[in-house]
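Have a look at the structure below, then the notes.
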Amino acid sequence: MTDASEAEMSSNDNGTRLHKSSPLFILIHVVIKSIIPLAFGVFTYGTSKYSNILVIAATVFIASFALLQYWFYHYWIKEEKIEIKEGIFFKNNRKVPYTRIQNVNVSQNPLQRIFKVATLQLESASGGKPEAVMRVVDLGVVERIKHKVKQANALVSASSVETGDPGIENSDTDADAVVGDKPLHTMSTFEVIKYGIISQKGMFYGAIIFGFLAQNQVLMSAAYKYFELFYSVPDFTKITLAEGFVYVLVIGLVMFVFLQLMSILWSLMKFYDFKIEKQGDRLQAHMGLLSKVAATIPLKKIQLYRLSENPLHKFFKARTITIETAGGVNTDNSGIVMRWLAPSINTNKVRSFIHEIEPKIKLGSVDWQLIPYRAWKRVLKRSLFTLAFFSAILIGVASLPQITLKAYAWAIMVAMIPVCYFYSKNYVKKTAYYINDDIICFKSGVWFGKQSFVKISKIQTVEILESPWDRRNKMATLEIDTAGSNPLLHHVRIPYLELADAYELQAFIQNRLDETEFNW
Amino acid sequence: MENLTYKNLESEHLTLSRLVLTIVFVILSLAYLLMFILVEQIPLKIFGLKLLISWSLYLLIFIYTGAAHRRFKYTMNEHGLFIHRGVFWRRKIVVPRNRVQHTDVTQGPLERKFDLAELVVHTAGTRNASVKLPGIYHKDAEALRESLSFEESDDV
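Sequences listed follow chains A and B, in order. Using my numbering, read the first sequence as starting at 1 and increasing by one per residue. Using my numbering, read the second sequence as starting at 521 and increasing by one per residue.
Quick look at the structure:
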């Protein structure tokens, strides 16, 4: 505490600058954001005298900009707030009271670890952009700010009592004692590798790499020449069907292995040494191989819990648990979005793990209610319509060159009809919901199962949607809206409900909402 | 919930939206007419046909606006704000009173002529972050806003 207060004394007039290595990191950040696309452009479309000068000029400009930014950035760690002054032409003076800071996120890449510094991100409850991003500060400063925030929040939670300094010390040691507890969930390296295969994230990065290669003629021909050193590529127009089959098999296998390796690499980078623990009213997560990430998630900021199980999850007897938070959705590039509670967790640990984090969600007592069985006919009609639409395109394309291809297209379409039947019969068996006084749950997905859990107190609005087909069948969809929700991901949107049931659900939720106050 | 009495939007709202629709179509037709006169390469038949198609489209939208106006209903009680809307795809939204973050009353230049306003209710949600209630009298919008923010308390 002594050196902290000393720093406060000395920083009264001019404040503290960021760490001396800061310009370097600002520079790297800007370079990644702007120079690399520029360089790609030059590399892909050839170089000229002017483009070289342009790149150099841009580099010099950005480098001096980084230095200036460092020069004009001051901060003060005061008793009850942090104050930041920044800006070269447009001065900005920002005061963030510690009580308003909900989240202190710290991230560290390998270079930052050498300098013993970190990027600090202060988030308030409002959501959206973080309150302040400090790039980069000394680890000691990080600890001091964390300490201040913890103190302030402890004071707020015990607001009725006038606490003196000793009281703060006490609450602090309490919090430290909790840290010593066993973490809620950790992942061994083997589990991280398993999650890599489950996630199949390699497909995403593989697509980017292939897309880039396909765009870039120079690289493409270079790669081809390198490949020819080891193996002479045959003339593909003159090979037999059997040979072609072997080639397809080998290329497929190579691609498959490559994608798996990419997935595993991604998972290791991101989740190596994953650890999540509960500290009072918040969760603390650590992970990462090269760039270490530490995130704090206040429990009350969690809006939705999501459980995923695809066929690979089932194969590895694991589940993925993700969350949606208010304020976690950052538009800023540097934003550390903490979505994972457990990238991969053993199936039989899921129940106790979720219960530990949110006691109101008792997976054991969730009594799933299926959507009406008669909905399968509507699902079948919808899937057949989709099938007809895509087959029309396929047949249209296939009819152009050869008559045999056209036959294949028809065959595929006919073969898909039983699949549609199977899909719709399973749809009504796998789509279900459950509601009680505290939570609403929804699950769906024939191939890729997903379950969403929302505490009733986190619901913002309740909506009933009736499409023309819904009205013909006296059905409706019930959708609830929560803060920080991603409309593209699985959320509570219960389709094909009996109209009366939908109204009953809406009234029930609305009555419960009257009784519960929403606080972030 | 069924025994609530829902109110329609003011008839001026329908007049206003049809007025805007007409203005847009008249301006577009005039522009097309100008092109027909100046460019002189469009055959009269095609010109007439296109004009006919666009004005039958106008008629369809004109009818649709009426249906949309009839289908838009709202009510407010001690629980919150209820909105029904949609012609083909119908939506019934409940905004609970204690989920209202803040409210806006907005008024455009044409709306001011008709003394209309739009009440925008903001929630902390995502898809329904702002629920809009257009086409009500300005004083009604103010009154609704007053009664909504009555219990609105302890902002963090």
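Idealized CB from N, CA, C, for every residue including glycine. Computed from a predicted structure; not experimentally measured.
Could you check if M203 of chain A is buried or exposed, using at least 16 other CB atoms within 10 Å of its CB as the buried criterion?
Counting from 1 along the first sequence, the entry for residue 203 of chain A is found at position 203. By the neighbour-count rule (16 or more Cβ atoms within 10 Å), M203 of chain A is not buried but exposed.
Between the segment 606 to 621 of chain B and chain A, which residues of the former have CB atoms less than 7 Å from a CB of the latter, in chain order?
F608, W609, R610, R611, K612, I613, V614, V615, P616, N618 and R619
Would you mind working out which of B:Q561, B:L664 and B:V620 sits nearest I656 of chain B, comparing C-alpha positions?
Here residue 656 of chain B corresponds to residue number 136 of the second sequence, with the count starting at 1. Nearest C-alpha to I656 of chain B: B:L664.
Given a limit of 7 Å on CB to CB distance, which residues of the segment 475 to 490 of chain A reach chain B?
D481, T482, A483, G484, S485 and P487
Should the segment 560 to 571 of chain B be regarded as contacting the segment 420 to 428 of chain A, the criterion being three or more beta carbon pairs within less than 8 Å?
no
Which of helix, strand or coil does DSSP assign to A649 of chain B?
On the second sequence, residue 649 of chain B is found 129 positions in, with the first residue counted as 1. Looking at A649 of chain B - three-state DSSP - the assignment turns out to be coil, as it is neither helix nor strand.
Can you give the Cα-Cα distance for S650 of chain B and H622 of chain B, rounded to whole angstroms?
Indexing the second sequence from 1 puts residue 650 of chain B at position 130. Indexing the second sequence from 1 puts residue 622 of chain B at position 102. Whole-angstrom Cα-Cα distance: 10 Å.
Relative to the alpha-carbon of V524 of chain A, which residue among A:A207, A:V149, A:V30 and A:E86 has its alpha-carbon at the smallest distance?
No answer is possible for residue 524 of chain A: it lies beyond the span of chain A, which begins at 1 and ends at 520.
Can you give me the start and stop residues for the alpha helix (DSSP H) that R665 of chain B sits inside?
Here residue 665 of chain B refers to the residue found at position 145 when the second sequence is read from its first residue. For R665 of chain B, the enclosing alpha helix (DSSP H) starts and ends at H658 to S669.
Between D165 of chain A and the rest of its own chain, which residues show a CB-CB distance below 7 Å, the 5 nearest in sequence each way excluded?
Position 165 of the first sequence, counted from the start, is the residue given in the question as residue 165 of chain A. Unreliable positioning characterises D165 of chain A in this predicted model, as indicated by a pLDDT of 36, which lies under 50. The coordinate reading is nonetheless provided below. No residues qualify anywhere along the chain.
For the beta strand (DSSP E) that Y584 of chain B lies in, which residues bound it at each end?
Reading the second sequence from its first residue, position 64 is the one you call residue 584 of chain B. First-last for Y584 of chain B: L564 to R591, but that is the alpha helix (DSSP H), not the beta strand (DSSP E).
To test your reading of the DSSP string, which unbroken beta strand (DSSP E) runs of 3 or more residues are found completely within the segment 188 to 268 of chain A?
None, since the segment 188 to 268 of chain A contains no complete beta strand (DSSP E) of that length.
Cβ closer than 9 Å: which chain B residues qualify as neighbours of A326 of chain A?
As a first step, residue 326 of chain A is located in the first sequence; it is residue number 326 there, counting from the start. In chain order: A644.
Any beta carbon of chain B sitting closer than 9 Å to that of R471 of chain A?
Numbered from 1 along the first sequence, position 471 holds the residue referred to as residue 471 of chain A. Yes, its Cβ sits closer than 9 Å to a Cβ of chain B.
With 9 Å set as the bound, which would you pick, yes or no: does the beta-carbon of P468 of chain A sit closer than that to a beta-carbon of chain B?
As a working mapping, residue 468 of chain A is identified with position 468 in the first sequence. Residue contact with chain B for P468 of chain A: present (Cβ-Cβ distance below 9 Å to some residue of chain B).
Should I509 of chain A be flagged as near chain B, meaning a C-beta pair shorter than 9 Å?
The sequence position of residue 509 of chain A within the first sequence is 509, counting from 1. Chain B contact via Cβ: present.
Cutting at 6 Å between CB atoms, please list the residues of its own chain near V161 of chain A, excluding the five before and the five after it.
Counting from one through the first sequence, the residue named residue 161 of chain A turns up at place 161. Because the pLDDT at V161 of chain A is just 36, under 50, the model does not fix this residue reliably, and the point stays unresolved.
Using 9 Å as the limit for Cβ to Cβ distance, is V640 of chain B near chain A?
Your numbering for residue 640 of chain B matches position 120 in the second sequence. Cβ-Cβ to chain A under 9 Å: no for V640 of chain B.
So S444 of chain A is in the beta strand (DSSP E); what residue range does that whole segment cover?
Residue 444 of chain A sits at position 444 when you count from the first residue of the first sequence. It spans I439 to S444 - the beta strand (DSSP E) in which S444 of chain A sits, taken as one unbroken run.
Which residues in the same chain have their Cβ closer than 8 Å to the Cβ of T585 of chain B, if we skip the five residues on either side of it in sequence?
Counted from its first residue, the second sequence places residue 585 of chain B at position 65. L534, S537, R538 and L541.
Could you have a look at E466 of chain A and say whether DSSP puts it in helix, strand or coil?
In the first sequence, residue 466 of chain A corresponds to position 466, counting from 1. Here DSSP, grouped into helix, strand and coil, assigns E466 of chain A to strand.
Once DSSP output is grouped into helix, strand and coil, what is the label at Y434 of chain A?
Against the first sequence, residue 434 of chain A aligns to sequence position 434. Residue state, collapsed to three classes: strand.
Does D174 of chain A come within less than 9 Å of chain B when only Cβ atoms are used?
Residue 174 of chain A sits at position 174 when you count from the first residue of the first sequence. Reliability fails at D174 of chain A, whose pLDDT of 40 lies under 50, so the model's placement of it is uncertain and the value that follows must be treated cautiously. No, because no Cβ of chain B sits closer than 9 Å to the Cβ of D174 of chain A.
The alpha helix (DSSP H) spanning S531 of chain B covers which residue range?
By 1-based counting over the second sequence, the position of residue 531 of chain B is 11. Its alpha helix (DSSP H) spans residues S531 to V559.
Can you find a CB in chain B that lies within less than 9 Å of the CB of V462 of chain A?
The count along the first sequence starts at 1 and reaches residue 462 of chain A at position 462. Output row for V462 of chain A: interface = yes.
Please say whether P23 of chain A and Y75 of chain A have beta carbons closer to each other than 9 Å?
Along the first sequence, read from residue 1 onward, the residue named residue 75 of chain A stands at position 75. Along the first sequence, read from residue 1 onward, the residue named residue 23 of chain A stands at position 23. No; because the gap between Cβ atoms is not below 9 Å, this pair is not in contact.
Please confirm whether I345 of chain A and S263 of chain A have their CB atoms less than 9 Å apart.
Position 345 of the first sequence, counted from the first residue, corresponds to residue 345 of chain A. Position 263 of the first sequence, counted from the first residue, corresponds to residue 263 of chain A. Cβ atoms of I345 of chain A and S263 of chain A: not closer than 9 Å.
In angstroms, rounded to a whole number, what distance separates the CA positions of W376 of chain A and D470 of chain A?
Taking the first sequence and counting its residues from 1, the one referred to as residue 376 of chain A is at position 376. Taking the first sequence and counting its residues from 1, the one referred to as residue 470 of chain A is at position 470. Their Cα atoms are separated by approximately 13 Å.
Taking C-alpha atoms, which residue in A:L380, A:V454 and A:I435 lies nearest to P418 of chain A?
Residue 418 of chain A sits at position 418 when you count from the first residue of the first sequence. Minimum Cα distance to P418 of chain A is reached at A:L380.
Looking only at its chain, what residues have a beta carbon closer than 6 Å to the beta carbon of P298 of chain A, apart from the 5 residues adjacent to it on each side?
Within the first sequence, the letter at position 298 stands for residue 298 of chain A. Correct list, in chain order: Q102 and R282.
Does the beta carbon of N648 of chain B come closer than 9 Å to any beta carbon on chain A?
Within the second sequence, the letter at position 128 stands for residue 648 of chain B. Interface residue, yes.
Does DSSP put E631 of chain B in a helix, in a strand, or in coil?
As a first step, residue 631 of chain B must be located in the second sequence, where it is residue number 111. In this structure, E631 of chain B counts as helix in the three-state DSSP scheme.
Helix, strand or coil for S391 of chain A? Go by DSSP, reduced to three states.
Taking the first sequence and counting its residues from 1, one reaches residue 391 of chain A at position 391. S391 of chain A: helix per DSSP, three-state reduction.
Please state the DSSP three-state secondary structure of F448 of chain A.
Taking the first residue of the first sequence as 1, we reach residue 448 of chain A at position 448. In this structure, F448 of chain A counts as coil in the three-state DSSP scheme.
In chain order, what are the residue ranges of uninterrupted beta strand (DSSP E) at least 3 long that sit wholly in the segment 305 to 331 of chain A?
318 to 325
Of the choices B:A661, B:L636 and B:V607, whose alpha-carbon is the least far from that of E465 of chain A?
Here residue 465 of chain A refers to the residue found at position 465 when the first sequence is read from its first residue. In the sequence as displayed, the identity of residue 465 of chain A is Leu instead of Glu. Of the listed residues, the one whose Cα sits closest to L465 of chain A is B:V607.
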